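In what follows, a single structure is set out as structure tokens and then discussed.
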Amino acid sequence: MEVYTFVKSFQERINEFTEILSSRETIVPASRIKSEWSYHLELVIEPVGWQALWKIPRLTCQDLQIHYPTVVVVSAEHIDCSELTVFVKIIAVQDEIHLPEKYQVPLIELYPAKNQNNSTLDIIGTAECIEQLRFFYNHLWMPWDVDDDENFDWVLLHLETRLRLFFDIKRNNVNKETADIIRTLIKEAKDISDKISRLEADISDDDEETEDTKFLVDEGKTCQLMKLHLRMQQIKAEVNVLENPAMRDVLQRNPNSNTPNRQVKREESLDRKPEAFVVWRGGSLEDTIISLKKVDKFVTKDTFIKITADLQEALDASETNDKVFVTEGEHYISGAGGLEYGGTIKSIGNSINTIIHAKENVCCSSLFDFSGEEVVLDNVTVDLGELLVGILARKGIIRLRYCKIFASNHSVMKLGIVVLPNSKLIAENTIFVNLGTAVVAHADGEVTLKDCKFEKCTEGIQLQDESRIRLTNCCLSGFMEYGIRLETQKYLTSAEGKNGSVNLLEDVTEISLKGCTFENNIQGDVLLKPRTMAVIIPNNENPMEL
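The opening residue of the sequence shown carries number 1 in UniProt numbering; numbering runs sequentially from there.
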């Protein structure tokens with residue numbers, strides 16, 4: 001199904017949004033923005049009878065316990081302009097999933113189809129109106145805007161600066177480091193907003209308990225809510241600075257001004273090339289010596305060694321290609337720090353007892369996010385916890401040896417490792433446990449697995465056309481769905497999918513299987529699934545997305 005897409009210039013965008021939001025020539029505070037959009041929808045959008053693709057968002061997929069991304073075909077039955085939503089009837093699904101026949105959906109999640117059953121509808125106007133709404137709420141509206149001062153004109157204060165920021169990033173007028181900071185902050189703010197909404201709903205439910213229990217309010221939830229609001233205000237202050245072109249220019253001319261602590265930490269070892277950190281929480285002299293002797297096997301004689309009790313502190317102080325050695329225990333982190341672009345994290349103990357978790361209230365999609373060169377994870381356990389992704393490979397090579405990737409709480413949404421285009425995963429003797437999908441490989445991504453196992457996962461490996469996979473002596477058994485799921489247009493001649501044994505992969509040149517075992521997979525060893533939509537949104541229209 002083909003959908004409408006729109007690519008517009010800065011001037012076109014600002015003219016459109018100014019007309020939509022300020023047509024009555026009055027001050028428009030943040031609290032009135034939604035109402036202005038409602039008026040515009042009533043004038044432009046077709047109220048009923050058009051078909052669209054519904055790209056179900058991540059959190060909705062999580063609630064419905066279905067794979068993300070999932071796309072279904074729907075028909076619009078009623079527009080609620082005041083809420084910017086539409087009641088839809090689901091008319092076609094691709095997978096064997098169970099959804100309510102009718103659903104209330106935010107308009108921005110719909111992509112109207114070019115071919116409609118009713119040719120008299122103004123579907124182009126409807127599609128353009130929805131695209132304008134989606135662009136505005138995805139890229140220009142911030143989660144904290146709803147709390148803005150009523151005395152300020154939102155359009156005058158924010159529209160041009162935020163739109164210019166969007167186009168500056170799109171045109172690469174903002175350097176990568178600053179753009180990454182902006183994207184990360186906005187993504188974190190949106191995640192925090194979702195968490196706040198859910199926590200407030202939970203607390204509201206607690207208030208409805210009986211008289212005997214309502215005094216036992218979970219103080220932990222209240223405290224967590226306060227921390228999230230505080231972090232939101234911190235992000236707001238940072239983004240407000242970065243929205244200002246003059247301030248961005250200052251930061252770009254002084255790229256190291258925001259990392260003084262790391263610079264100081266490195267000064268004492270500037271004359272030494274190799275550097276390593278040992279995460280050691282203390283012990284007897286004998287135990288300390290034993291641990292350092294284990295490290296001695298993996299470093300050169302001139303390596304400069306630093307000891308810290310905290311893994312995140314070691315990661316923050318490290319730089320590309322440093323080594324971090326971790327002793328047994330549970331370690332909590334908020335990101336890869338200086339090893340994002342390359343380096344090694346290795347346990348000098350038992351991998352089962354060396355567990356890396358996300359810190360509480362970390363608002364990101366993945367525990368590790370790697371973006372270049374080569375990263376090695378050796379002999380460690382990665383626990384997704386509440387996060388959706390364990391390891392995200394954006395670029396370069398990720399090597400895993402004797403690791404365990406698992407989710408302590410199972411969900412079909414949980415992804416062990418995601419390999420994006422032009423990145424590579426090489427894993428040996430690694431086990432994937434209790435995940436939704438163990439490994440996801442996008443087009444032009446490459447995956448090599450040797451002697452790997454999967455336990456209690458919904459499915460093993462999901463890949464797309466042009467991704468490459470080599471599996472040697474791997475056991476792909478016991479999945480609730482499929483061992484391998486290939487989303488393809490290349491190897492299917494119709495819109496119908498195929499499932500069955502590994503024989504379905506005989507003509508798939510991008511997949512190599514040697515000595516692999518497929519057993520007891522409930523829905524089948526292999527699924528060839530047609531891709532519902534290869535591209536919905538042009539890549540160059542999403543520079544603000546991580």
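All C-beta atoms in this analysis are idealised placements derived from N, C-alpha and C, irrespective of residue type, glycine included.
Model, not experiment: these values are computed from the prediction.
When the Cα atoms are used, what is the spatial distance from aspartate 322 to glycine 385?
Position 322 of the sequence shown, counted from the start, is the residue given in the question as residue 322. Position 385 of the sequence shown, counted from the start, is the residue given in the question as residue 385. Their Cα atoms are separated by approximately 26 Å.
Buried versus exposed call for glutamine 263 [16 or more other C-beta atoms within 10 Å across all chains shown]:
The residue labelled residue 263 in the question sits at position 263 within the sequence shown. Reliability of the predicted coordinates at glutamine 263 is poor, the pLDDT of 44 falling under 50, and the value obtained from them is presented with this limitation in mind. Glutamine 263 comes out exposed.
Start-end ranges of the alpha helix (DSSP H) lying completely within the segment 133–214, minimum 4 residues:
The qualifying runs are 160–170, 176–207.
Do lysine 395 and serine 365 have their CB atoms nearer than 7 Å?
As a first step, residue 395 must be located in the sequence shown, where it is residue number 395. As a first step, residue 365 must be located in the sequence shown, where it is residue number 365. The Cβ atoms of lysine 395 and serine 365 do not sit closer than 7 Å to each other.
Do glutamate 160 and proline 29 have their beta-carbon atoms positioned less than 7 Å apart in this structure?
Position 29 of the sequence shown, counting from 1, holds the residue named residue 29. Position 160 of the sequence shown, counting from 1, holds the residue named residue 160. Against a cut-off of 7 Å, the Cβ pair of glutamate 160 and proline 29 comes out as no contact.
Three-state secondary structure (DSSP) at valine 412?
Within the sequence shown, residue 412 is the residue found at index 412, counting from 1. Coil at valine 412, not helix or strand.
Between the CA atoms of serine 477 and asparagine 521 - distance to the nearest angstrom
Numbered from 1 along the sequence shown, position 521 holds the residue referred to as residue 521. Numbered from 1 along the sequence shown, position 477 holds the residue referred to as residue 477. Distance between the alpha carbons of asparagine 521 and serine 477: 6 Å.
Rounded separation between phenylalanine 136 and glutamine 233 - CA only:
Counted from its first residue, the sequence shown places residue 136 at position 136. Counted from its first residue, the sequence shown places residue 233 at position 233. Taking C-alpha positions only, phenylalanine 136 is separated from glutamine 233 by approximately 21 Å.
Mind checking which residues open and close the beta strand (DSSP E) that includes isoleucine 356?
Numbered from 1 along the sequence shown, position 356 holds the residue referred to as residue 356. From DSSP, the beta strand (DSSP E) with isoleucine 356 extends over 354–358.
Taking the straight line between their C-alpha atoms, what separation do you get for glycine 282 and isoleucine 355?
Walking along the sequence shown from the start, residue 282 turns up at place 282. Walking along the sequence shown from the start, residue 355 turns up at place 355. Going by the C-alpha atoms only, they are around 17 Å apart.
What number of angstroms, rounded off, separates the C-alpha of leucine 392 from the C-alpha of histidine 357?
Within the sequence shown, numbered from 1, the residue matching residue 392 stands at position 392. Within the sequence shown, numbered from 1, the residue matching residue 357 stands at position 357. Using only the alpha carbons, I get a separation of about 15 Å.
Could you pull the DSSP bridge partners for alanine 30 from this structure?
Along the sequence shown, read from residue 1 onward, the residue named residue 30 stands at position 30. Residue pairing by DSSP leaves alanine 30 without any beta bridge partner.
Express the C-alpha separation of glycine 436 and valine 93 in angstroms, rounding to a whole number.
Numbered from 1 along the sequence shown, position 93 holds the residue referred to as residue 93. Numbered from 1 along the sequence shown, position 436 holds the residue referred to as residue 436. Straight-line Cα distance between these residues: approximately 20 Å.
Please classify alanine 127: does DSSP put it in a helix, a strand, or coil?
Counted from its first residue, the sequence shown places residue 127 at position 127. In the three-state DSSP reduction, alanine 127 falls in the helix class (H, G or I).
Are three or more beta carbon pairs between the segment 101–116 and the segment 51–61 nearer than 8 Å?
Yes, since at least three Cβ pairs between the segment 101–116 and the segment 51–61 fall closer than 8 Å, the two stretches touch.
With distances taken Cα to Cα, identify the nearest neighbour of valine 295 among Ile348, His67, Pro421.
For the purposes of this step, residue 295 is taken as residue 295 along the sequence shown, with counting starting at 1. Looking at the Cα atoms, Ile348 is the closest of the given residues.
Should the segment 141–156 be called in touch with the segment 68–76, which here means at least 3 C-beta pairs below 8 Å?
Touching, no.
Are the Cβ atoms of arginine 485 and glutamine 462 separated by less than 7 Å?
For the purposes of this step, residue 485 is taken as residue 485 along the sequence shown, with counting starting at 1. For the purposes of this step, residue 462 is taken as residue 462 along the sequence shown, with counting starting at 1. Yes.
Validate contact between the segment 5–18 and the segment 89–103 using beta carbons, cut 8 Å, 3 pairs:
No: fewer than three Cβ pairs fall under 8 Å.
Could you tell me the boundaries of the beta strand (DSSP E) in which phenylalanine 17 lies?
Taking the first residue of the sequence shown as position 1, residue 17 is located at position 17. Element bounds for phenylalanine 17: not the beta strand (DSSP E) but the alpha helix (DSSP H), 10–22.
Of the choices Glu83, Arg58, Val376, whose alpha-carbon is the least far from that of arginine 32?
Your numbering for residue 32 matches position 32 in the sequence shown. The shortest C-alpha separation from arginine 32 is found at Glu83.
Below 8 Å CB to CB, which residues in the same chain sit around proline 143 once its five sequence neighbours on both sides are set aside?
Numbered from its first residue, the sequence shown carries residue 143 at position 143. The beta carbon of proline 143 sits closer than 8 Å to the beta carbons of Ala189, Lys190, Ile192, Ser193, Met232 from its chain, once the five residues preceding and following it are set aside; these are given in chain order.
Which of the three DSSP states is assigned to asparagine 499 in this structure?
On the sequence shown, position 499 is the one that residue 499 refers to. Strand.
Could you check which residue in Leu133, Ile91, Pro47 has the C-alpha nearest to that of isoleucine 123?
In the sequence shown, counting from the first residue as 1, residue 123 sits at position 123. Residue Pro47 holds the alpha-carbon nearest to the alpha-carbon of isoleucine 123 among Leu133, Ile91, Pro47.
Once the 5 residues before and after asparagine 117 are set aside, which same chain residues still bring their CB inside 8 Å of it?
Sequence index remark: in the sequence shown, residue 117 carries index 117 (1-based). Correct list, in chain order: Gly49, Gln51.
Sorry if obvious, but does the Cβ on cysteine 364 come closer than 6 Å to a heavy atom of the ligand NAP?
As for the ligand NAP, it is missing from this structure, which has no ligand bound.
Counterpart residues of leucine 513 in DSSP-defined beta bridges
In the sequence shown, residue 513 corresponds to position 513, counting from 1. Bridge partners of leucine 513: Leu471.
Of the listed residues Arg468, Ser494, Ser9, nearest to leucine 505 (C-alpha basis)
Working through the sequence shown from its first residue, we reach residue 505 at position 505. Just measuring C-alpha positions, the residue of Arg468, Ser494, Ser9 sitting nearest leucine 505 is Arg468.
Whole-angstrom distance between glutamate 446 and asparagine 261, CA atom to CA atom:
What you label residue 261 is simply residue 261 of the sequence shown in a count that begins at 1. What you label residue 446 is simply residue 446 of the sequence shown in a count that begins at 1. Low confidence applies here, because asparagine 261 scores a pLDDT of 47, under 50, leaving its location unreliable; read the following figure in that light. Rounded to whole angstroms, the gap between the alpha carbons of asparagine 261 and glutamate 446 is 37 Å.
Quick one: Cα of threonine 5 to Cα of alanine 127, how far?
Reading the sequence shown from its first residue, position 5 is the one you call residue 5. Reading the sequence shown from its first residue, position 127 is the one you call residue 127. Cα to Cα, the separation comes out at about 8 Å.
Could you pull the start and end residues of the beta strand (DSSP E) that arginine 399 belongs to?
As a first step, residue 399 must be located in the sequence shown, where it is residue number 399. Here the beta strand (DSSP E) through arginine 399 covers 396–401.
Would lysine 404 and isoleucine 431 be called neighbours here (beta carbons separated by less than 7 Å)?
Residue numbering aside, residue 404 sits at position 404 when the sequence shown is read from its first letter. Residue numbering aside, residue 431 sits at position 431 when the sequence shown is read from its first letter. A distance below 7 Å separates the beta carbons of lysine 404 and isoleucine 431.
Quick check on threonine 26: buried or exposed, where buried means 16 or more other Cβ atoms within 10 Å of its Cβ?
Position 26 of the sequence shown holds residue 26. Burial check for threonine 26: the Cβ neighbour count within 10 Å stays below 16, so the residue is exposed.
Take aspartate 316 and list the residues in its own chain whose beta-carbon comes closer than 6 Å to its own, dropping the five residues that flank it on each side.
The sequence position of residue 316 within the sequence shown is 316, counting from 1. Same-chain partners within the cutoff: Gly337.
For glutamate 267, collect the residues of the same chain with a Cβ closer than 7 Å to its Cβ; drop the 5 residues on either side in sequence, then sort them by chain order.
Residue numbering aside, residue 267 sits at position 267 when the sequence shown is read from its first letter. Residue confidence is low: glutamate 267 scores 49 on pLDDT, short of 50, so the model does not pin down where it sits. No coordinate-derived value is stated.
Among the residues of its own chain, which have a CB less than 6 Å from the CB of lysine 453, if the five just before and after it don't count?
By 1-based counting over the sequence shown, the position of residue 453 is 453. Same-chain partners within the cutoff: Ile431, Cys475.
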